[in-house]
Structures are given as structure tokens and as C-alpha cells.
Amino acid sequence: MPISLLWAVDVYGQVYSLSTAGQQWERCRDSQMEFKRVTAAQQCCWGIACDNSIYLNVHASDLPVRYQEEAYENQRWNPVDGFSDRLLPSDRWQWSDVTGLQHQLLDSVQLPSSSWEWEGDWYVDENFEGEPTEKGGWTYAMHFPATYTKDKKWNSCVRRRRWLRYRRYSAMETWAKIPSQQTTLPDPFSDISCGGWEISEEPRGRQSLWAVSLQGKVRFREGISHHNPEGSSWEEVSLPGEVVQISCGPGDLVWAVLWEGQLIVREGISRDCPQGSSWVVVESPNPEVGATHVAVGANVAWAVTKDNKVWFRRGVNSHNPCGSGWISMVGEMITINVGLNDQVWAIGCEDRVVYFRQGVTPNELSGKTWKAISVPRDGERSHSSASANSEQSAGCFFSGEVHDQSGVSDVESDVEKGSADGDFGLITAPESSVDAASNPSSDPSVETPSPRIPKVTSDSFISELVSDRKTSRNVDSASPAVLQEEEAIPVEGDVKAPSAGAAVSSNQNGGAPDLRWSNVDLEETQAQSVQTAAGRDMADSCSLSSVTTYTLNMEDPYGADEHPLWAWVSGGGCSVDSHSQLNWFICHLNTSCKFSGSVQSMSLSVTPTQTAAWRKQIFEQLNERSKRELENFGHYEQAIEQSVWVKKGAMQWWRDWKPHKWTDVHFALEQFSGPEGYKDGILFIYYNYYEEKKYLHAFVNEVTILVPVLNDSKHTFAIYTPERTKQRWPIRLAAATELEMHDWLALLSVSCCDARKIHGPPTKRAIWSITCKGDIFVSEPTPALEATPYPTACDQMFWRQVGGHLRSVECNSIGIVWGIGYDHTAWVYTGGYGGGFFQGLSSSTDNIYTQTDVKNVYIYENQRWNPVTGYTSRGLPTDRYMWSDASGLHECTKTGTKPPSPQWTWVSDWAVDFSVSGGTDREGWQYAADFPTSYHGYKTMKDFVRRRRWARKCKVTTTGPWQEIPPIPLSDVTILPCSAQSHVETVPVWAISNKGDVLCRLGVTTLTPAGSSWLHVGTDQSFKSISVGAGGQVWAIARDGSSFYRGSVSPQNPAGDCWYHIPSPAKQKLKQVSVGRTSIYSVDENGNLWYRQGAAPSYPQGSAWEHISNNVRRVSVGPLDQVWIIADKVQGSHSLSCGTVCHRLGVHPMEPKGQSWDYGIGGGWEHITVRGNSMEPPRVSLP
């Protein structure tokens, strides 16, 4: 679980944050500022200060917020002056933007606010489309506007060059004021809410910010993105009435509360219209009592009415934002907030404690119970460590104070109550306990003053508190006298509290009070519990007397034993799910949590060390007893030597003979267990062949892999054995539902692992691979896998699935594993196993987290030219479909194209994709002479067909042993492949961002595999592939297909000094590189595999490229120079398969290029890495 923050504001306007991995509230910087409300996202937090202005706090990260300003200098050629600033009247401005329509002088570009600063001065961009230009950075064309080139030609009559200047957002981790744009009468803001980052993935960092003014108007902040976190301007939104409060979820849900108590819901919110189009009125949960507060998430809506009752709205989602009905929930709150994963926080009505809703899952969005967050504040005053230790060890620490008990007991705070009252108990002196026993009829006639807690129902509570605090300064000096005048407060149960004056005087005598100690047995404790229970009601009120008088100074507004009073909470940036392990509900010795009443104050304490010793002793005794009892029956024969059980089901099978089609079959798994835990089984498929019943079978211990198959209409999976791997023809089955398929896959996976005695997480030397569907598989290598001359065959390898969804993965032999999703998000392996559809014993309970991934689905629009109408969708009878896939063999329309599988959901609309290889024109079209052929992005006289690509994003949500590494999206990553004998403290990790920047990760160790921060490595062009070898040598491939070597890389200089350009193979553009111990392999864009000759420690660049093989998609070189690839067009008994795992045989130091290929699992594989397999092969001496 990535560390994130929960934000809260107390009644004094101080802002605090609580980390998901922390155990105390951290006070925010700029503590002199006072805030009314805050609303948080993962990368920032917005707030309304007491001056009614809006402030922004952007969290610091490895990725700076930078924005590139650009301006273009335009010139025209004339016979007299050559190229000069004298332009024609119809030309563009001399200084303009990229379109030429806006006049843009360099001096006219100003910083948007004081939160930005320039990183440098204007300079000329001397690169054009990744290639250096001539001196001066000029690009030439025939006329404005046109296609520019870097080379000057005889007909180049105009030229331009681009000037760049970067500005950086400098107000990180501070509250930066958003400039006000009001020009009429002032209308300050009273409420604010941010969200909307899940509506669209682009632009990155996009948010929707909604604000409410004191006059009940709603405004929307335009232009918020990663490069512009402040946004640009406010736009007023029309309303059906006056609004008092608004809430925006991470998706397209926006709800608001009207002055009359009704609720309104915004409809029409989409990627292209984040403001929405209209409002729909929803009645209050209780028509007699209007709503005062609402909070929405991705698929939920919660509300609080004026009587402080909590309500849950069922049926809320993107398709039905209004929901279907209200459900009354237990509890009384003043505010409520919904965060990430629809988790819920609230503030209690009576005690002002922050509560967390436990049990919220995707299947049970309403949760189960409220639980108080009981952690101290940063710098909170408490007892000394000596007194705290004495309090725990003796179990009967007596004092003359009244201690705050809220949040002490985990059991008490977890009770489902309406108002979650804190229980306060009196801890009395020994004399008081004697009085209580001897005087059972004390007079409880003295009334305690009721505590005055400001009610947070409007913005007036801040001013009310300020006035109270000003008064408290005047009475602060007189507070001892006030305390001395207080009388002893008797409570029911005849337990007297000593006067507070005695407590003050004892502390003023210059030393610790004379404390009495007593050994109390359990019978005494039980007798005291009756008295304490009866005295809780009166203690409840007297414990908050300090809040009543406000006799505290400004620096610490709470007493030593008081919990903070919260006014607002925001969990919009707090990532918590059902698997999260939180430390918010555990009291520690150094906190201000006290024992609950007389029972807990007088109970005997048991230390964790004693508990562990007792458990160990009991376990040893049970083992001894079991051995004694079994010895008497050792001569008897075992009653049951093996057991057999069978699971059956109805499925469909893609039959082996032609014509291939789906056939209804009965599928059965028969598993038996023998002595000493041995397990095995057989798979049976019963089918009819010309009215004759037949069956197909496979032994469980022969199954090598179970693969979910990508299919948009059926829930299918494939079963491979060594023989079927050679044939490229697995047993392909389809289940009726997705749940049934997952149940079968989980059961078969457990059976296969039991038969091979493979359990738990993958080892550090595991081989990782990924299918084209994004499923992750691991295989445990054997020493004989790389043995020569008789290695283990690839088709004998057993692969098991790991939860999650990735596009690529990299590892090394000390257990560090990184992955990259289709949306370029970086993930690190947590050490768990299972996840996804694996449950129970087949999955670990720890280190499993929620994982999401987003990828594009592409279809092509094809057109043919005719002399009458030009380009139309009417093609020749022999043409491809006018809407098709990339091959043109399958029809794919916008309405008929579905997500890759039922697990995926659409998250965007269809849009033209301009990032196509070969370039496009302004409308996204590519032109060619005919179908199919090579396409180009401009039209010529010979182009009779054209096409353009449409893209639509879809999203999958799953679980697995992966944690996100924010915030930089990556396109490639590489980890130093360590040998079995090496001891590396800090592991070098290099990566390429999705923008082509080269990065080096610092602080990566076995204990912190995610590292600490990124180090940017300077480059003059964009890169797409990188690899680091066992000796620290770094190779990279640029986006133009050229290769580079990084010089002077060492542990002392992890980023190296400079790049050395390495010539690519003749007429080839490289796309991927992999470096082992001494070998360097690369793959070009045409699928050729190349080996770098002559590489040595003294000459690491090598001398020349040697061709090894073709039809290669990807290569992975291990720490012992093992070579594995993903190959295309591998011959099988039925057809050519693409995406097959292959192993290079005969690789040894004298023959690093190897001799031949061994074919393994496939097709449909996309990625493999063997960089963790440092197991030395056995040496076999031939006769």
C-alpha cells in the first residue's frame, strides 16, 4: 500500500495530516495560518483559510512541476537582405506562437503567479524531431504554414526557430494563495471540494475543483493539471437554488446541499465536459429534517441531516448518479467524507473524534462499524517514560487527575453506537479509595458545568473559537486560583475525586508527587469495576472542564490528557482498502492513551515477552502430549492410506479435429493424496464423437501451465502439457461465468503446485514472464536448465500465475522485482503470492494490494478514393473492411468493439490517435497506394487509399503482490543482475520515462526495493530501451533506433559521466537491448537479433554487431549470459505461433553466441526476464 495522507482541521483552525503508515497527527507547515476546511487529492491539498481565500499545498515529489513556454521567431527571405525580419503583410507575426495567429514576444510571457519561478533564460531549441539542426536552430519551408525541415533547400523562402524557457512551481509543501479574480462585490468561498481525476487519464494531474460562496453560488476551477496545479480561472455554474456545501468524487459524481435541505446531483459529466450539463434534485433522507452535509466517492453517496443522523445512498454509480434510495446508518456525526476506494471518515457529534468506517469493500460499500482514530498529535505532551512504564508494569498507577479515555479500548471504540461517547474514568488516590469503601452514601449534589464545545454548522465557529481563545489569555494567569476554588466532585458509586488544588500544590513543591503503590489482585479489580461503571456519566462531563474554560495558551490549545476536537476531515488523498494494515487504532506506551476506568487502571499487565514465553511453553507441552499418546498406537496399521475426491462441471471444449468448434463437455478433476502428504490427480474431458462417448485425460503432474485466454465473448483458459506445448495446441476450455472460470483456475493451480510440491512466494532466482493479456507467470529454474550438453527442455518448465496485471517485468537474483503496467505505472514486488482470483491457501494474506491498469484498444477506419466523391467508405469488393483491426481481416466497428475481456471496462470515448508510426496529417489520416502497404502521413498523387487509427481506453482492477512507485510513468526499467556470490548493498536501477528521459533510482536495497528517489541523467534525445549489465555497464537505445553506451558508471558515480554513440547495424533501427555478464544482445525493429562482438572490460563498447536470428520480439540476457527470447513464427503441428518462449542452447564462455534454439511455452507471450537466475549449471564431463 503506497503511503498516503489523511487530512483534518481542528476547531482552532490548525491543519494536521495522518499517514497511513504513521501513528500520530503531524501538524502542517505554516502553523500560523488558520483554516476552515480542506479537500485533499493524492498529489495536493486545497484549503479555505479564515480570510476566506483559497490556498493550495502541493506535495513534494521526485518529479518537479515544470512547464515549457515556447515562442517562435519567423523570418522570410528576400533578394536584398536574405533572411530578415521583414515579412509580408499577409504573413504571421515576427514573434508568434506555434500557429502563428497569436503575437507573442519573449518579454510578454509572464509568470502566472508568485508560486512560479524561471529556471533560466530563453534559449534556442537546436533539435528538430529528435535530430540536431544546423547552427541557430532554424527550420525551413516554402511558405507559412507548411511542413518544415531542418535542411535548407533552393526553394526555402521562410524559416522559423523555436525559443524555449522553463518555469518551475516553487511553492512545494507550503500553502500558496490562489489569486482572486473577483471584479464585482466580494463573495468569499465557504466550501470547496476536489476530485475528477479518474474521469480521464489525460492531461496528467487533471482535477475538478468545485467551490461554494457565501451567497450560495457554485464555481468551477478551469485548467488544473500537473503542469498547472493552480488552474487558470473560475467559471460560475448555474444552479436551481442556493448551495451550502458540495462534494466531488474521484470520478463523475458531484452532489451538493441546498439551503432548504434538499440535495442536487450534477449530470452530464464526462471527459470532454468535466463541468457537467444539468442538475437533478434529490429529496433529503428525512423530509422533515433537511440535509446539512453530503460526501460522494466513486460509487457511493453519504449524507448527514440536521439531526446528525447518517444516511447511505444505495445504487449510486456513473450510470445512475442519483442512486435509488436512502438507508439509515447507526451513528451521529457532524461531517462525513469519502476518500479513495470509497472509504469513509466522519467526525462525531458529541466528542469531535475522527471516525473511520471499517468493513468497506467493493461488495459492501456501506461498511460495518465506526471506529475512532486514537493516535496522538505531533509533540503532544504526555507523562515521562518512567511514569508510563510504571503505569504499565505495576498496573495500579494512582494520581489525582481525571484521564481522557476516548480511544483507549479497541473493543469499546469498535461498538456500533449512535454518538460514540468517550468513556471517562476517575483514577483516585489511595485515600479516596478508602473513603469510597467506607462511605457508600456520599451526596452527589454538586453539579458540574456542562462542557461548551462549539457546534460546527456554519463558518461562524472559527470566529467563536477565536473569541474564546482571546478570553482564555486573560484568565490563564488566574487559572491556578480557579482550580483551587473547585470543590471535590462526588460521583455516583461514592467514588470521590480529590480536589484539583491538592494536585496543583503537590506539583508546585518542586518534585514528583508522593505516589503510593499497591498490589491489587483480580478479585479487588472486579469489585472496583462496579463502582467505576456507575460513575462514568458524571466523569464524562467533568473530564472536559478544560474545554469549558479554555485556560490553555495559544501554542498548545489542548490539555495534556485531552484529545483534539476536530472540525473537518478529508480523505480524498488517503489510499486505504480492505487489505490495508493501519496503526491508527493501537495505543502505545508513549502516547496519551490511559487505562479505561478503575478496571483497566488496576488490572495486572502482561508484557509481550511474557505472552510469547507462555505460548512457547504451551506449544511444547502440547507436542509432548501428542507424542506420548501416539506412541501407544505406533504398531497399528494406517486405516486410510490414501483419499480420493472428484470435482465435476459442465464446460465447453475447443475440439482438436476439424472443423474446430466449441463442444459441450463434462470436465472432471480427480485428485488423490497418498502417504507422507503425496498428492496427484488426473483431468478428464468427456465428450461425444458420432454418438460414441469418449474421454480425453491429462495427469496433473504433467500440466506445465494454466493460462487465461483473451476472449471478448467467452470465459476461456488453456491447459498445456509438454506434448501440447510442442504442438502449439493446448486443451482450451470455456466456463459459463467468470466466477466459475476463476474457481477452476484456482483449484487446478493449487493441485498442480501440490503435485510438484511448490508453495509460497517465488524464489529470488525465479524466471518471470508476461502474456499479451498482461497476466504474470513465474517458473522456478533447476540447475540442469542451463547445463551443457544436456539441458532441461523448455517445454518441461512449470509456470504458475501471480496476481496483478503488467506489460513488462524485470528482476535480479537478490529478490528485487519491478514491473511496468500498460499505463506506464511502475510497480515493485512486495514478496507475497497469489492475489487476483486466487483465494484462501493459494494466496498470501499480507503484501496483497489493489492494482489497476489502463490500456488502449485500437481500430482502423479505412477509405478508398474515387474520381467522383473523393475518399469515401465505399471500397472495392476485394478491399478490407472499412472498419477493421490492424490486419484488415476482422471487422471492428465503434459500437461492436468490446473491451478485451469482461474484467475490463471503458474509461474514455473513441478518439483519433495521432501517435501512429509513420506520422499522420491534421485529421489523423495515413495514405498509401493500396491495401496493405506502407503508410505515410501526407497525400501524394499516387495515394488511392487511406486509413486512420481510433483509440479508446479501458481499465482493469485486480489485486496482487505489487505496490505502486509514484509519480513518474516509465516505459522501460532494468536492474543490475547480481551473481550468486555478490553482495551488493545498493542495487543500481535504471529506467526510461514515457517521455524518453533516462532515470537512475537511488536507495534500492533488499529492505527497500522501491528505492528513495530518482536521479535524472542528462541526454540530448529521447530513449526507449535501457539495460545494465552485471559489471555495471549501461546500454541504451534511442527512439531513432541508435544505440549508446554510458561511460564511467560506478557505485561512487551511479549516473556515469557521458554517452558514447555506438553505430547500429547497417540499415537497421534497434528497439531493445539486454546486457548480461559479458554479452550484449539487441533486437531491431524488423525482428532481427544481434550480438555485440569484441566487448571486454577494457573495451566495453565492443567492435561490431553480428546477426544471430530473426523473428525475435524481445531478448533477455541473464547474469550468467543465458539468452532467452520471445520469438514469432515458431513452427508447430497446427500453425505458426507468435510470442513463444525460446532458450538459446550451447551458450558458454567459449561460445557466448550459442548454437541453437529450444522452444518452450507459447504463443501469446509478450515478455520474459531471466536476470534473476544466477544458479550455476552442473558441470558434466563428456567421455
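Per my numbering, the very first residue in the sequence shown carries number 5; after that it's consecutive. Backbone N, C-alpha and C fix where the C-beta goes; we use that ideal spot for every residue, glycine too. Given the structure is predicted, the values throughout are model-derived calculations rather than measurements.
State the Cα-Cα distance for the pair residue i and residue j, rounded to the nearest angstrom.
{"i": "Glu-4", "j": "Asp-125", "result": "Absent from the model: residue 4. The displayed extent of the chain is 5 to 1187, so no value can be given."}
{"i": "Ile-1129", "j": "Asn-82", "result": "58 Å"}
{"i": "Gln-1126", "j": "Ser-783", "result": "15 Å"}
{"i": "Thr-373", "j": "Met-337", "result": "13 Å"}
{"i": "Gln-535", "j": "Thr-961", "result": "Its pLDDT being 41, under 50, Gln-535 is placed unreliably in this model, and the value from its coordinates should be taken loosely. The straight-line gap from Cα to Cα measures roughly 54 Å."}
{"i": "Ala-295", "j": "Asn-312", "result": "9 Å"}
{"i": "Leu-218", "j": "Asp-191", "result": "6 Å"}
{"i": "Lys-999", "j": "Asp-1044", "result": "14 Å"}
{"i": "Lys-1075", "j": "Glu-138", "result": "27 Å"}
{"i": "Val-1021", "j": "Val-993", "result": "12 Å"}
{"i": "Gln-98", "j": "His-147", "result": "14 Å"}
{"i": "Arg-473", "j": "Val-222", "result": "Per-residue confidence for Arg-473 stands at a pLDDT of 41, beneath the threshold of 50, marking its modelled position as unreliable; no derived number is given."}
{"i": "Ile-622", "j": "Glu-628", "result": "10 Å"}
{"i": "Cys-326", "j": "Leu-262", "result": "15 Å"}
{"i": "Gly-874", "j": "Asp-947", "result": "11 Å"}
{"i": "Gly-141", "j": "Gly-1168", "result": "46 Å"}
{"i": "Phe-39", "j": "Val-357", "result": "18 Å"}
Hey, would you say the C-beta of residue i is under 7 Å away from at least one heavy atom of the ligand ZN?
{"i": "Phe-224", "result": "This structure does not include the ligand ZN; it has no bound ligands of any sort."}
Going by beta-carbon coordinates alone, are residue i and residue j separated by less than 8 Å?
{"i": "Gly-280", "j": "Glu-246", "result": "no"}
{"i": "Gly-577", "j": "Cys-958", "result": "no"}
{"i": "Ser-848", "j": "Gly-840", "result": "no"}
{"i": "Ile-1172", "j": "Ser-773", "result": "yes"}
{"i": "Trp-887", "j": "Thr-897", "result": "yes"}
{"i": "Asn-303", "j": "Leu-344", "result": "no"}
{"i": "Gln-266", "j": "Val-216", "result": "no"}
Which residue from the options puts its Cα closest to that of residue i?
{"i": "Asp-684", "options": "Ala-759, Trp-733, Arg-629", "result": "Ala-759"}
{"i": "His-583", "options": "Thr-725, Gln-362, Met-801, Tyr-59", "result": "Gln-362"}
{"i": "Phe-935", "options": "Ile-972, Trp-908, Tyr-864, Ser-912", "result": "Tyr-864"}
{"i": "Ala-180", "options": "Phe-360, Ser-117, Val-241", "result": "Ser-117"}
{"i": "Cys-1", "options": "Pro-970, Leu-213, Cys-353", "result": "Past the boundaries of the shown model lies residue 1; the chain is included only from 5 to 1187, so the question cannot be answered."}
{"i": "Tyr-699", "options": "Gln-731, Tyr-724, Ile-735", "result": "Ile-735"}
{"i": "Asn-112", "options": "Ser-100, Ser-119, Gly-104", "result": "For clarity, residue 112 is Ser in the given sequence; the question names Asn instead. The candidate whose alpha carbon is nearest that of Ser-112 is Ser-100."}
{"i": "Ala-830", "options": "Glu-814, Gly-1150, Phe-842, Arg-317", "result": "Glu-814"}
{"i": "Ser-1209", "options": "Asn-860, Arg-728, Glu-968, Arg-956", "result": "Absent from the model: residue 1209. The displayed extent of the chain is 5 to 1187, so no value can be given."}
{"i": "Ile-824", "options": "Lys-310, Arg-728, Asp-857", "result": "Asp-857"}
{"i": "Gln-1025", "options": "Cys-1004, Pro-1055, Ala-1059, His-1065", "result": "His-1065"}
{"i": "Leu-751", "options": "Gln-46, Leu-67, Lys-651", "result": "Lys-651"}
{"i": "Val-988", "options": "Thr-1009, Thr-978, Arg-1118, Ile-972", "result": "Thr-1009"}
{"i": "Met-333", "options": "Phe-316, Asn-321, Trp-349, Asn-705", "result": "Phe-316"}
{"i": "Val-258", "options": "Glu-240, Gln-585, Val-300, His-230", "result": "Val-300"}
{"i": "Ser-1113", "options": "Asp-1132, Ala-1099, Val-102", "result": "Asp-1132"}
{"i": "Thr-1023", "options": "Asn-131, Ser-8, Gln-108", "result": "Asn-131"}
{"i": "Ala-797", "options": "Glu-727, Ile-203, Thr-775", "result": "Glu-727"}
For residue i and residue j, which I take to be in contact (beta-carbon distance under 8 Å), what is that distance rounded to the nearest angstrom?
{"i": "Trp-966", "j": "Ala-915", "result": "Incorrect: roughly 29 Å between the Cβ atoms, too far for contact."}
{"i": "Val-648", "j": "Phe-676", "result": "4 Å"}
{"i": "Cys-1146", "j": "Tyr-1163", "result": "5 Å"}
{"i": "Pro-981", "j": "Ala-1034", "result": "5 Å"}
{"i": "Ser-242", "j": "Glu-226", "result": "About 16 Å; that fails the 8 Å criterion."}
{"i": "Ala-175", "j": "Ser-160", "result": "45 Å between Cβ atoms; not a contact."}
{"i": "Gly-1080", "j": "Arg-1096", "result": "Actually they do not touch by this definition, with Cβ atoms about 11 Å apart."}
Could you check if residue i is buried or exposed, using at least 16 other CB atoms within 10 Å of its CB as the buried criterion?
{"i": "Pro-289", "result": "buried"}
{"i": "Gly-1176", "result": "buried"}
{"i": "Lys-1028", "result": "buried"}
{"i": "Pro-766", "result": "buried"}
{"i": "Glu-790", "result": "buried"}
{"i": "Trp-661", "result": "exposed"}
{"i": "Val-84", "result": "exposed"}
Counting only beta-carbon atoms, is residue i nearer than 8 Å to chain D?
{"i": "Ser-229", "result": "The structure shown contains no chain D; it holds only a single protein chain."}
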